[in-house]
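Student: Quick one: this structure, given as structure tokens, is what I'll be asking you about.
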Amino acid sequence: MFSELFDALQTILSLNHITYMLGGVVLGLAIGIFPGLGGIAGLSLLLPFLYGMDPISALAMLIGLVAVIPTSDTFTSVLMGIPGSSGSQATVLDGFPMAKKGQAARALSAAFTSSLFGGLFGAVILTGFVLIARPVILAFGSAELFMLTLLGLSMVGALAGKSFVKGLSACGLGVLLGSLGSAPATGEYRMVFDNFYLMDGIPLVVVGLGIFALPEIIDLLRQNKPIANASTLGSGWMEGVRDFLNNKWLAVRCSVIGCIIGALPGLGGSVVDWIAYGHAVQTTKGKSEFGHGDVRGVIAPESSNNAKEGGGLVPTLLFGIPGSGSMAVFLGGMVLVGLEPGPAMVSTDLDITYTIVWSLALANVFGAGACMFISPWVAKLTTIRYALLAPFMVMVICFAAFQATRDLGDLITLLAIGFLGVLMKRFDWPRPAFLIGFVLASGMETYLYQAVQFDGTGFLLRPGVIIIGVITLVSLFFMFRQNTKKQREAQQDAGVGAPLAYNRKPQVIFAAAVNLAFLYCIYDGFQQSFLGGIFTIVIGCLMSALSGIVLWQLLTKPSTDPVYFDLEYEQGYALNKDATSMMHYLYWLLALIVGCYLVGYVIAITVFFIAFLVVKAGVSLPRASLLTALAVGFLLFLTDAMVLELPVGLLQEYVELPWPLGY
Numbered sequence: 024m025f026s027e028l029f030d031a032l033q034t035i036l037s038l039n040h041i042t043y044m045l046g047g048v049v050l051g052l053a054i055g056i057f058p059g060l061g062g063i064a065g066l067s068l069l070l071p072f073l074y075g076m077d078p079i080s081a082l083a084m085l086i087g088l089v090a091v092i093p094t095s096d097t098f099t100s101v102l103m104g105i106p107g108s109s110g111s112q113a114t115v116l117d118g119f120p121m122a123k124k125g126q127a128a129r130a131l132s133a134a135f136t137s138s139l140f141g142g143l144f145g146a147v148i149l150t151g152f153v154l155i156a157r158p159v160i161l162a163f164g165s166a167e168l169f170m171l172t173l174l175g176l177s178m179v180g181a182l183a184g185k186s187f188v189k190g191l192s193a194c195g196l197g198v199l200l201g202s203l204g205s206a207p208a209t210g211e212y213r214m215v216f217d218n219f220y221l222m223d224g225i226p227l228v229v230v231g232l233g234i235f236a237l238p239e240i241i242d243l244l245r246q247n248k249p250i251a252n253a254s255t256l257g258s259g260w261m262e263g264v265r266d267f268l269n270n271k272w273l274a275v276r277c278s279v280i281g282c283i284i285g286a287l288p289g290l291g292g293s294v295v296d297w298i299a300y301g302h303a304v305q306t307t308k309g310k311s312e313f314g315h316g317d318v319r320g321v322i323a324p325e326s327s328n329n330a331k332e333g334g335g336l337v338p339t340l341l342f343g344i345p346g347s348g349s350m351a352v353f354l355g356g357m358v359l360v361g362l363e364p365g366p367a368m369v370s371t372d373l374d375i376t377y378t379i380v381w382s383l384a385l386a387n388v389f390g391a392g393a394c395m396f397i398s399p400w401v402a403k404l405t406t407i408r409y410a411l412l413a414p415f416m417v418m419v420i421c422f423a424a425f426q427a428t429r430d431l432g433d434l435i436t437l438l439a440i441g442f443l444g445v446l447m448k449r450f451d452w453p454r455p456a457f458l459i460g461f462v463l464a465s466g467m468e469t470y471l472y473q474a475v476q477f478d479g480t481g482f483l484l485r486p487g488v489i490i491i492g493v494i495t496l497v498s499l500f501f502m503f504r505q506n507t508k509k510q511r512e513a514q515q516d517a518g519v520g521a522p523l524a525y526n527r528k529p530q531v532i533f534a535a536a537v538n539l540a541f542l543y544c545i546y547d548g549f550q551q552s553f554l555g556g557i558f559t560i561v562i563g564c565l566m567s568a569l570s571g572i573v574l575w576q577l578l579t580k581p582s583t584d585p586v587y588f589d590l591e592y593e594q595g596y597a598l599n600k601d602a603t604s605m606m607h608y609l610y611w612l613l614a615l616i617v618g619c620y621l622v623g624y625v626i627a628i629t630v631f632f633i634a635f636l637v638v639k640a641g642v643s644l645p646r647a648s649l650l651t652a653l654a655v656g657f658l659l660f661l662t663d664a665m666v667l668e669l670p671v672g673l674l675q676e677y678v679e680l681p682w683p684l685g686y
């Protein structure tokens, strides 16, 4: 073992290895900063260049890219409120509020330090764990994975906001959306309305961008100011490092969570940051600032997010079972250069395994250092008036969403979920709880079906199931106690000062619409076979009861009750006749999508860009044209370099246009 370790160390410190690794790091940095693409797109771009390469050099590039993306995707999560990838969604909750307070530097510094620690921690742990990982991973079957999804759902309590019932209902709404498409047990199509796009379910990247990014863009545009105050931007770089040191044990615990969850096939990066964030809320004191700019809400998910990459390599290397989409492409890269995953990776090829593990550690150092270096320049984006940034962010979001399935339905769904996100934000239905439900829905149903198929109801007596079940119950107990205390404090706060004169009607209509969605879920479930419909029927029954309670509270409780919340009144929009309507910018987005359908994305985004800059940002036409040309030119270059596609409208279908308009 030790000889293989030293051989691996000698390999990774060679100039050739470091050069190739730095190439992967630079590419990963560029991909990670671009929201919505993530590791799958970056690795897919790299694969064609691996033909004929030395296996160790190819692995260096692959590992460099894999390691840095979970670090660099923090930029947009913190600075723009746009999840850089599925693994950085929880970072938005506190990172973006910190940026709006002028603490972008502190948030980024804490995030990158935590990412560096998580990556190194994962590599160190896996150095020894790789030899004992095989029996541990094999001990996890479908029953244990089902219980882990329930543990993930128990994190909803930490994200439920002032009303626990609202939080659970929001989570159920996410589960409902995640159940859309074919049933895992029978293949029957549920709630698809005979729409081909919906038959495969809604992609996670579309849901993540719609539920988080679009509502934040609209809110910032309505405020018509920069994200942060320029005078406070440059401070906090060392403060973020001190924040990490002050919360080092939280980072250790979350890194352990990242390693464990990352090593379990089927869970991967979509849920690990939420579990780590929920753990942080559960186990730390002074929770009132979580969700409003608490640095611990950045440290926890970023530590686990990078550590999980090391964990994800374990099933990939030992069993050839990828734990996530990016690991699946990484597996393809290994096969491409002549390396076969399996038991040989811990016997005859142990030196290669340790080369991979220590390359991961070194790439994390390079990646965190590079992100720290460019942060002061990237962070200056928060001082630019948001009306100037918004069209570029819309262009990026629509581009990233379209790459999910390369169907115009991606953009339509993005707008629909964005509208839902705007309403959920307005009425304080927790969007993180919704996203957790969506992420875990498919896996929860699949694992439950498999567990019952293999063991019947006896799966509940498996030791692993019992242990995870006890942990989940303890978690729920503390969550319930914490939310009871939170609701009492909210009621006391509501009693201070004159209560806002809420108009109950909009909140009641939204709650009624949610309740009707659950009732339709029940109806649709009864149209399926027993195995195809039982999951959605159970979810629909439980959640229609909970959302019914929310509706009853909105109709009967006084306006001081925590269930009441309307951002239009809280921010004064409802009483200001000159305020921009909540729907105003959604109409702009609708016009862009209609334009994509009619004339294609390039022409539509060009017109959108110029019109928005002139009308909403007050930019002169020549300057708007120049900015548009630069932005669209960059988009076309990226599309061509990554061999991606853009939406083609009716015009391109009937008229053959020259490149780039007929891309």
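The sequence shown finishes on residue 686 if you use the working numbering, and the numbering steps up by one all the way, no holes.
Note that the Cβ used here is the ideal one computed from N, Cα and C, for glycine as well.
With a cut-off of 8 Å on the beta carbons, I'd call G190 and A386 a contact; round off their distance for me.
Tutor: Taking the first residue of the sequence shown as position 1, residue 190 is located at position 167. Taking the first residue of the sequence shown as position 1, residue 386 is located at position 363. The pair is not a contact, with the Cβ atoms about 38 Å apart (cut-off 8 Å).
Student: Helix or strand or just coil, what does DSSP make of R485?
Tutor: The count along the sequence shown starts at 1 and reaches residue 485 at position 462. Coil, per DSSP.
Student: Buried or exposed: W575, going by 16 or more other Cβ atoms within 10 Å of its Cβ?
Tutor: Reading the sequence shown from its first residue, position 552 is the one you call residue 575. Per the 10 Å Cβ criterion, exposed.
Student: By Cβ distance below 6 Å, which residues in the same chain neighbour V275 in space, the five residues on each side in sequence not counted?
Tutor: Counting from one through the sequence shown, the residue named residue 275 turns up at place 252. Same-chain partners within the cutoff: there are none.
Student: Kindly identify the DSSP beta-bridge partner or partners of R213.
Tutor: On the sequence shown, position 190 is the one that residue 213 refers to. G204, per the DSSP bridge assignment.
Student: Any idea what DSSP makes of R429, helix, strand or coil?
Tutor: Reading the sequence shown from its first residue, position 406 is the one you call residue 429. The answer is coil: DSSP assigns R429 none of H, G, I, E or B.
Student: In whole angstroms, what is the alpha-carbon distance linking L615 and V230?
Tutor: By one-based count along the sequence shown, residue 615 stands at place 592. By one-based count along the sequence shown, residue 230 stands at place 207. When rounded, the distance between both Cα atoms is 19 Å.
Student: Measure the beta-carbon distance from L85 to G47 and round it to whole angstroms, keeping in mind my assumption that it falls under 8 Å.
Tutor: Position 62 of the sequence shown, counting from 1, holds the residue named residue 85. Position 24 of the sequence shown, counting from 1, holds the residue named residue 47. Yes, L85 and G47 are in contact; Cβ-Cβ is about 6 Å, under 8 Å.
Student: When you compare only the Cα positions, how much space is there between V671 and L636?
Tutor: As a first step, residue 671 is located in the sequence shown; it is residue number 648 there, counting from the start. As a first step, residue 636 is located in the sequence shown; it is residue number 613 there, counting from the start. When rounded, the distance between both Cα atoms is 24 Å.
Student: Can you tell me whether S37 is buried or exposed, with buried defined as 16 or more other CB within 10 angstroms of its CB?
Tutor: As a first step, residue 37 must be located in the sequence shown, where it is residue number 14. Classification of S37: exposed, given that the 10 Å Cβ count is below 16.
Student: Give me the residue from I545, I557, G571, L496 with the minimum Cα distance to I532.
Tutor: Here residue 532 is taken as the residue at index 509 of the sequence shown, counted from 1. Here the closest residue by C-alpha is G571.
Student: Tell me which residues share the same chain as E468 and place their Cβ nearer than 6 Å to its Cβ, disregarding the 5 neighbours each side in the sequence.
Tutor: In the sequence shown, the residue the question calls residue 468 occupies position 445. Only P207, F558 meet the Cβ criterion.
Student: Would you report the Cα separation of M663 and I628, rounded to the nearest angstrom?
Tutor: As a first step, residue 663 is located in the sequence shown; it is residue number 640 there, counting from the start. As a first step, residue 628 is located in the sequence shown; it is residue number 605 there, counting from the start. According to the sequence shown, residue 663 is Asp rather than Met. Each residue's Cα considered, the two are about 17 Å apart.
Student: Measure the C-alpha to C-alpha separation of L116 and A391 and round it to an integer number of angstroms.
Tutor: Walking along the sequence shown from the start, residue 116 turns up at place 93. Walking along the sequence shown from the start, residue 391 turns up at place 368. When rounded, the distance between both Cα atoms is 21 Å.
Student: At the level of alpha carbons, what is the spacing between L131 and G320?
Tutor: Position 108 of the sequence shown, counted from the start, is the residue given in the question as residue 131. Position 297 of the sequence shown, counted from the start, is the residue given in the question as residue 320. Taking the straight line joining both Cα atoms gives about 12 Å.
Student: Nearest CA to the CA of L149: which residue from L499, G281, T507?
Tutor: Position 126 of the sequence shown, counting from 1, holds the residue named residue 149. Among L499, G281, T507, the Cα nearest to that of L149 belongs to G281.
Student: Just curious, the alpha helix (DSSP H) that S278 is in, first and last residue?
Tutor: For the purposes of this step, residue 278 is identified with residue 255 of the sequence shown, where counting begins at 1. From DSSP, the alpha helix (DSSP H) with S278 extends over 271-285.
Student: With a cut-off of 8 Å, do at least 3 Cβ pairs link the stretch 447-462 to the stretch 224-239?
Tutor: Yes: at least three Cβ pairs fall under 8 Å.
Student: According to DSSP, is H40 part of a helix, a strand, or is it coil?
Tutor: On the sequence shown, residue 40 is found 17 positions in, with the first residue counted as 1. In the structure shown, H40 sits in a helix (DSSP, three-state: H, G or I).
Student: Between the stretch 408-416 and the stretch 638-646, can you find at least three pairs of beta-carbon atoms closer than 8 Å?
Tutor: Yes: the two stretches touch, three or more of their Cβ pairs being nearer than 8 Å.
Student: For H40, does the count of other Cβ atoms within 10 angstroms reach 16, so buried, or fall short, so exposed?
Tutor: On the sequence shown, position 17 is the one that residue 40 refers to. With 16 or more other Cβ atoms within 10 Å, it is buried.
Student: Quick one: Cα of F632 to Cα of L650, how far?
Tutor: Reading the sequence shown from its first residue, position 609 is the one you call residue 632. Reading the sequence shown from its first residue, position 627 is the one you call residue 650. Taking the straight line joining both Cα atoms gives about 8 Å.
Student: What is the residue span of the alpha helix (DSSP H) that W452 lies within?
Tutor: Position 429 of the sequence shown, counting from 1, holds the residue named residue 452. Looking at the DSSP string, W452 is not in any alpha helix (DSSP H), and its letter there is neither H nor E.
Student: Check whether the stretch 473-487 touches the stretch 212-228, counting contact only when three or more Cβ pairs, one atom from each stretch, lie closer than 8 Å.
Tutor: The stretch 473-487, when compared against the stretch 212-228, does not touch it at the 8 Å Cβ threshold.
Student: Could you check where the alpha helix (DSSP H) with E167 kicks off and where it finishes?
Tutor: Position 144 of the sequence shown, counted from the first residue, corresponds to residue 167. It spans 165-177 - the alpha helix (DSSP H) in which E167 sits, taken as one unbroken run.
Student: Identify, in the order they occur along the chain, each residue of the same chain with its Cβ nearer than 6 Å to the Cβ of A330, setting aside the five sequence neighbours on each side.
Tutor: Stepping through the sequence shown from its first residue, residue 330 is reached at position 307. So the list reads G141, F144, G145, S278, G281, C282, once near-sequence residues are dropped.
Student: Assuming S80 and Y43 form a contact by the criterion Cβ under 8 Å, report the distance between their Cβ atoms to the nearest whole angstrom.
Tutor: Residue mapping note: residue 80 aligns to position 57 of the sequence shown, counting from 1. Residue mapping note: residue 43 aligns to position 20 of the sequence shown, counting from 1. Going by Cβ atoms, the distance from S80 to Y43 rounds to 5 Å, so yes, they are a contact pair.
Student: Within the continuous alpha helix (DSSP H) that includes T651, where are the two ends?
Tutor: The residue given as residue 651 occupies position 628 in the sequence shown. Its alpha helix (DSSP H) spans residues 644-664.
Student: Exposed or buried, what is G239 when buried is set at 16 or more other beta-carbons lying within 10 Å of its beta-carbon?
Tutor: Reading the sequence shown from its first residue, position 216 is the one you call residue 239. In the sequence under discussion, the amino acid at residue 239 is Glu, which differs from the Gly named in the question. Looking at its Cβ environment, which holds 16 or more other Cβ atoms inside 10 Å, E239 is buried.
Student: Does the stretch 497-504 come close enough to the stretch 536-545 that 3 or more CB-CB pairs lie under 8 Å?
Tutor: As far as the Cβ criterion goes, the stretch 536-545 does not touch the stretch 497-504, which means the pair count is below three.
Student: Can you give the Cα-Cα distance for L673 and G432, rounded to whole angstroms?
Tutor: Taking the sequence shown and counting its residues from 1, one reaches residue 673 at position 650. Taking the sequence shown and counting its residues from 1, one reaches residue 432 at position 409. Using only the alpha carbons, I get a separation of about 15 Å.
Student: In whole angstroms, what separates the C-alpha of F549 from that of T172?
Tutor: Within the sequence shown, numbered from 1, the residue matching residue 549 stands at position 526. Within the sequence shown, numbered from 1, the residue matching residue 172 stands at position 149. So the two alpha carbons sit approximately 25 Å from each other.
Student: Where does A652 land, buried or exposed, given buried means 16+ other C-beta within 10 angstroms?
Tutor: Locating residue 652 in the sequence shown gives position 629, counting from the first residue. Exposed is the call here.
Student: Would you kindly work out how many angstroms separate the C-alpha atoms of G51 and S552, rounded to a whole number?
Tutor: Stepping through the sequence shown from its first residue, residue 51 is reached at position 28. Stepping through the sequence shown from its first residue, residue 552 is reached at position 529. Approximately 45 Å, taken between the alpha carbons.
Student: Round the Cβ separation of T436 and G263 to the nearest angstrom and send it over; I've been treating them as touching at under 8 Å.
Tutor: One-based indexing of the sequence shown puts residue 436 at position 413. One-based indexing of the sequence shown puts residue 263 at position 240. About 36 Å; that fails the 8 Å criterion.
Student: Using only the alpha-carbon positions, how far apart do G361 and G333 sit?
Tutor: In the sequence shown, residue 361 corresponds to position 338, counting from 1. In the sequence shown, residue 333 corresponds to position 310, counting from 1. One C-alpha to the other measures close to 21 Å.
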